[in-house]
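J.: Residue numbers (the working numbering), protein chains in the order written: chain E, 5 to 564; chain U, 226 to 557.
Beta carbons are placed, not taken as given, at the ideal position from N, Cα and C, and that holds for glycine.
For clarity, every value in this text was computed on a predicted model and none was experimentally measured.
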Amino acid sequence: MIEGCFEYSGTVAARMRKILYLIFVFLIIFGCRHKSPENGKQAVKTVSDEPAYGDALVAGSIGEPSILIPMLAGDSASHDVAGLIFNGLVKYDTDLSVIGDLAESWDISPDGLVITFHLRKGVRWFDGVEFTAEDIMFGYKTIINEKTPTAYQEDYLQVKKAEVPDPYTFRVTYRKPFAPALTSWGNLVVLPKHLLEGKNITKTDFGRDPVGLGRYKLRTWTPGQDVILESNRDYFQGRPYIDRYIYKIIPDPATMFLELKAGGIDYMGLTPIQYTKQTDTSYFSKNFQKFRYPVFAYTYMGFNLRHPFFQDKRVRQAIAYATDKKEIVDVVLFGLGKPATGPYVPDTWPYNPKVRTYGYDLEKAKILLKEAGWKDTNGDGVLDKDGSPFVFTILTNMGNSLRMNTATIIQWRLAKIGIKVDIRVLEWSTFINEFIDKRRFQAVILGWSIGLDPDQYDIWHSSKTKEKEFNFIGYKNPEVDTLLEQGRRTFDTEERKKAYFKIQEILAEELPYIFLYVPDATPIVHARFRGIKPSPIGISYNLHRWYVPKGLQRHAAMEP
Amino acid sequence: MIPYLAKRLLEMIPTLLGITILSFLIIHLAPGKPTDVLTEMNPKITPEARERLEKYYGLDKPVYTQYGLWLKRVVKFDFGESFSTDRRPVIAKIWDTKQPLVERRLFITFVINAFSMLLIFLIAIPIGVFSATHQGLFSDKVTTVTVFIGFATPAFWLALLLMMLFGIHLGWLPISGLKSMDYDTLSVFGKIWDRAEHLILPVFISSFGGLAGLSRFMRGSMLEVIRQDYITVARAKGLHERRVVYHHALRNALLPIITLLGLAVPGLIGGSVIFENIFSIPGMGQLFYMSVMTRDYPLVMGILTIGAFLTLLGNLLADIGYMLTDPRIRAR
C-alpha cells in the first residue's frame, strides 16, 4: 500500500511542496507572533489606591494538595494550602526572628529546658469554638502517637513532659536543651480537639474538609482542578482583604504560563528563563509585578568520602578551583541566584561571609592534584594514579534540568584539568533507594531545602551515616560533631552563631560538598494586587494584607 | 451461544489472575516505596519514622502475603485505600461519588475518549474508503500525507501551538481546565457551552493523532475486498459503482473494524498523560501516572485490574460482534 507514495510525478511533487510550504508558513506565523491579549486594558485606569475587600487571587500550582492536615502531609502543595487554614504557636518574622502567632508570648527557663507559651485569647475555630491550650496538647499527643502516620514526630519526641496549667498556657519540658524546639511549635500540632478527639485521624473527612482558624477556610475542592478558599472574616489578625484564594492545579508549566498570559491565573512561580526572557515585554511590565528573593535551599555536589578518589581533601579543593560557580549561576540560573559558600543562605544570621572561597583557578587546581599524586602518565589527557584513571560519575535526579545543566558544565570544566566525568540521570525513587541509600555513588548533584533554623545535625553529624540517614557522603569530623551539639543545645543566638560560623569555616576548608548555588524564588503576581511587601521569607507571609483597589477588582463579590 | 459465552467468561478468570500477579510483582520490583514521598531527603525524618510508616502500610510483609491480602479484598470488589497521604479509597479517586458526575475522573476521561473515538471513526472510515476507491490518485496521496502528519505531530507541541493561537492570539477558546472561573454563575445552557468549549481542543488533539491508523486500516481492508470476485461479479451485473462500493464492498470491509472497536474499549478509560497534563484535565491518565510515580500500589493495581478486565471484555465483545455480523463465523 505504501509504495505508491514514492511515485510522484514532477508536477505533483511541486504541488506537494507548495502545500507543505503553506503549512510551514502557517505554523511560523502563529507560532511566533507575539500580540498582547485584550485583557491588558484595565491596569491603565487610574483608581484610588485604598485597600478594599473583595476580588479573588488565582494561584497556579503544578501539584495538587493531598491532605490538609499539616502533620500528615508530605508534599509542598498540601503544606501551602494547609498553611492558609492553620496557624502555629510561633512564626518567623520578616527579619527571621521568631515572633508569636497563636502564642502571644513565651518564656524559656534559664536552663533552656522548659518553654511556657502564653496563648492569645479569643481566637476561634471556624465553627466558633474557642482555641485553647487543650488543642495544642491534643495535637502534640496525636503527633507522637505510634498510630499516626506522620513523618515529623522527631522534634516532639525530645519532649519529656507537656502540660496545660490553664486554658491559655501550654508548657513543655525537654530532656536536654534543644534550640530548634521553639520553632517546632509551628502549625504541625494545632488541631481542634473538640472535633477530632477519639477519632482515627486518617479515617475522618477532616483532611479534605478541615476546620482551621487561619486566614482562609476551605470552600470547595474539586479533585484535579482547583481548591477554592474563602477569607476567614473573623481572623484574629483582621479579615483578609482578598475574598477568595483559588489554588488552581495546572500540571504543565508551559500551560500555566499561557494561562498567566491569558489572564487565567494571577500568581505563579517563574522559571529562570521565564523571569529573564519571556516576561521581559511591555505587556508583562504593565500587567504584572515580579519578585525575587533567595530560597532557603542550596544545590551542591557531594562526594562519597568513602571512595578512594575523594578521601584526599586536596582533590576536593582542586575540583572546587576548577568549578566556576559564577558561571553556573549565570548560565544555568540566568543570574537568578548566588554562588554558595556554605550550607546557609547569604545575608541570614547564621551565614558566615568570611570563609575560604575557591575562585576559578585552573593552575591552583592542577598543582593540588599533582600534590595529591595525580599525573597524566600515559598521555591520554586523563590524570591517573596507581594505574587507575581519574574518571568518575556524577549522579543526579531526572526532571531537574537545572541540576543536569550544572552537571554538564562541571563535566566540561573538569575535563580541562584532566578529570573525566560521566553524568547519569536517574528517576527519583530509584536514585534515592538504589544509589544514595546503598551508598553506590561517587558524586551526586542534589539540593537541600534548609529550614529557617540553622540546625543541620542530621546532615553533618558523624552519627548520621547509617543506611537511609542523611549524612550519606560519610562525613566525619569530631570538631564539627561537638559544634553541632553546642549549636542545638543553647537558645543564645550569639552562642549559636559562633558555633555555626566555625562549622562553615571547617566545611569550606574540607569541602565534603562543593556548595554550588542558592537559587532565587521568582514569583510573579498580577499588577492589581497591592500591599505586597517582599522580605527574606518571601511574599506570601502577609497574604491577608494584600488587596485590590475597588476600581481594579476583577471577580465579582462572593455571596457568603 | 450461551455455553460458548459461559466458557469464554470462565476463561477470563485465570487470565485476569495472571495479569494481576504479573502486575503486582512488576510494580513491587520497581525500586522505591510509597513512603518515599513522605520520607525522601527530609532531614527531619528518622529511619525509625520511616520503618514505622512502612509497617503502617504493610510493606514489611513479603510480597506474596501482600498479594494475598490484596486479592482477598479485590474478590469482594474492594480495591483498598490509596497509599498517598490522604488515604482515600481507590474507588473514590477513580469514581468520586461525593462529586457531581461531570467531575469524576473516569467520567471525564470516558467522555473525552468517547467523543474523540466517535470523531476518529466518523472521519477515518470515509477517508479510508475514499483513499481505497481513489487508490494511487493525487487525492489519495494528499489524504495519506495529511493523516500521517497528524500521526507524526507530537501532541504536546500541536496542543501548545493551538492553545497560543485560539487561547491567546484569537481569544476564542479557553486554554486549559474543564470549566471557567465563573461557571457557577452561568445558566444551564451557558454551563453546557462552557464545558463544550473546554473540550474542543483536547478532543481535536486526541483524535488528530488517531486518524492515521484507522484510515490506513480501512483503506487496506477496502482494497482487499474490492479485489474479490464477488465485487467483479457485482460490477459485471452492471450495478452502479456507488452501490458496489457502499453496499457490497463496505459492509464486508467493515468486519475487521469490529476487532478494532473491541480493542478500543479499554482505551475508553485509559487517558493520555501528555494531553491531560497539557490541558490540565483531571482524568485517568494523570491519576495513573501520579500513582506510578509515588508508588501508590493499591491505586496502580486498581487501575490496572480495571483496565485488564475491560481489555478482556473488549475482546469478548469483538468476538460476539463477529458472530452477530458474520454468518461464516456464526456457522462454526
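What did DSSP end up calling residue 293/E once you bin it into helix, strand or coil?
T.: It is a strand residue.
J.: Spell out whether any CB of chain E is found under 9 Å from the CB atom of residue 318/U.
T.: Output row for residue 318/U: interface = yes.
J.: By the 10 Å Cβ neighbour count, where 16 or more other Cβ atoms means buried, how is residue 491/E classified, buried or exposed?
T.: Its Cβ being crowded by 16 or more others within 10 Å, residue 491/E is buried.
J.: Consult DSSP for residue 404/E and reduce its assignment to one of helix, strand or coil.
T.: If DSSP states are grouped into helix, strand and coil, residue 404/E belongs with coil.
J.: Return the residue from the list 283/E, 334/E and 104/E that minimises the CA-CA distance to residue 406/E.
T.: Minimum Cα distance to residue 406/E is reached at 334/E.
J.: Measure the C-alpha to C-alpha separation of residue 552/U and residue 337/U and round it to an integer number of angstroms.
T.: Roughly 34 Å separates the two Cα atoms.
J.: Just to confirm, is the Cβ distance from residue 140/E to residue 215/E under 9 Å?
T.: No. Outside cutoff.
J.: I believe residue 370/E touches residue 421/E by the beta-carbon criterion, under 8 Å. Please report the beta-carbon distance rounded to the nearest angstrom.
T.: Yes, residue 370/E and residue 421/E are in contact; Cβ-Cβ is about 6 Å, under 8 Å.
J.: Per the contact definition of three or more C-beta pairs closer than 8 Å, is the segment 358–372 of chain U in contact with the segment 439–452 of chain U?
T.: Yes, they touch.
J.: Please classify residue 48/E as buried or exposed, where buried requires at least 16 neighbouring CB atoms within 10 angstroms.
T.: The predicted model places residue 48/E with a pLDDT of 46, which falls under 50 and marks its position as unreliable, so this point remains unresolved.
J.: Within 9 Å of any Cβ in chain E, is that where the Cβ of residue 285/U sits?
T.: Output row for residue 285/U: interface = no.
J.: Span of the alpha helix (DSSP H) holding residue 177/U?
T.: Residue 177/U is absent from the model: chain U starts at 226 and stops at 557.
J.: Can you pull the chain U residues whose beta carbon is under 7 Å from the beta carbon of residue 1/E, in chain order?
T.: The question about residue 1/E has no answer, for chain E in this structure spans 5 to 564.
J.: Output yes if chain E places a C-beta closer than 9 Å to the C-beta of residue 310/U; else output no.
T.: Cβ-Cβ to chain E under 9 Å: yes for residue 310/U.
J.: Starting from residue 264/E, trace the alpha helix (DSSP H) in both directions and tell me its first and last residue.
T.: Its alpha helix (DSSP H) spans residues 257–266.
J.: Identify, in the order they occur along the chain, each residue of the same chain with its Cβ nearer than 6 Å to the Cβ of residue 322/E, setting aside the five sequence neighbours on each side.
T.: Within the same chain, residue 322/E has close Cβ partners 369, 372 and 373.
J.: Mind checking residue 204/E: buried by the 16 CB within 10 Å criterion, or exposed?
T.: Per the 10 Å Cβ criterion, exposed.
J.: Between residue 4/E and residue 218/E, how many whole angstroms is the CB-CB distance? I'm expecting something under 8 Å.
T.: Past the edges of chain E, shown from 5 to 564, lies residue 4/E, and the structure says nothing about it.
J.: Return the Cβ separation of residue 530/U and residue 245/U in integer angstroms, given the expectation that the two are a contact with Cβ distance under 8 Å.
T.: The pair is a contact, with the Cβ atoms about 6 Å apart (cut-off 8 Å).
J.: Using the C-alpha atoms, what's the distance from residue 250/E back to residue 64/E?
T.: Looking at the two C-alpha atoms, the distance is approximately 8 Å.
J.: Output, in sequence order along the chain, the residues in the segment 216–244 of chain E whose CB is closer than 9 Å to any CB in chain U.
T.: Flagged, chain order: 226, 227, 228, 229 and 230.
J.: Residue 311/U and residue 67/E: beta carbons closer than 9 Å?
T.: No, Cβ-Cβ distance for residue 311/U and residue 67/E is not below 9 Å.
J.: For residue 167/E, which three-state DSSP category applies?
T.: Note: residue 167/E maps to strand in three-state DSSP.
J.: Only counting the same chain, and skipping five residues up and downstream in sequence, which positions put a Cβ closer than 6 Å to that of residue 535/E?
T.: Cβ within range, chain order: 549, 550 and 551.
J.: So within the segment 102–169 of chain E, which uninterrupted alpha helix (DSSP H) runs reach at least 4 residues, ignoring any that extend past its ends?
T.: The segment 102–169 of chain E contains these whole alpha helix (DSSP H) runs: 137–148 and 158–161.
J.: Just the C-alpha distance for residue 434/E and residue 519/U, rounded to the nearest angstrom, thanks.
T.: Between residue 434/E and residue 519/U, the C-alpha separation is close to 12 Å.
J.: Answer with yes or no whether the minimum CB distance from residue 79/E to chain U is below 9 Å.
T.: Yes, residue 79/E counts as interfacial toward chain U.
J.: Give the C-beta separation of residue 84/E and residue 70/E to the nearest angstrom, bearing in mind that I take them to be a contact with Cβ-Cβ under 8 Å.
T.: Their Cβ separation, rounded to whole angstroms, is 12 Å, which puts residue 84/E and residue 70/E out of contact at 8 Å.
J.: Please list, in chain order, all residues of the same chain as residue 9/E whose beta carbon is under 6 Å from its beta carbon, the five residues on each side excluded.
T.: Because the pLDDT at residue 9/E is just 34, under 50, the model does not fix this residue reliably, and the value given afterwards should be weighed accordingly. Cβ neighbours of residue 9/E beyond the five flanking positions: none.
J.: Using the beta-carbon of each residue, which ones in chain U are nearer than 7 Å to residue 153/E?
T.: Result: 278 and 281.
J.: Less than 9 Å separating the beta-carbons of residue 98/E and residue 295/E?
T.: Contact: no.
J.: Under 9 Å, Cβ to Cβ, is there at least one residue of chain U near residue 252/E?
T.: It does: the Cβ of residue 252/E has a partner Cβ on chain U nearer than 9 Å.
J.: If you count every other CB in all the chains shown that lies within 10 Å of the CB of residue 247/E, and 16 or more means buried, which is it?
T.: Under this definition residue 247/E is a buried residue.
J.: Pairing CB atoms from the segment 119–133 of chain E with CB atoms from the segment 498–512 of chain E, are three or more of them under 8 Å?
T.: No: fewer than three Cβ pairs fall under 8 Å.
J.: Apply the 10 Å Cβ neighbour rule to residue 468/E and answer buried if 16 or more other Cβ atoms are within range, or exposed otherwise.
T.: Residue 468/E should be labelled buried.
J.: Please classify residue 299/U: does DSSP put it in a helix, a strand, or coil?
T.: Reduced to three states, the DSSP call for residue 299/U is helix.
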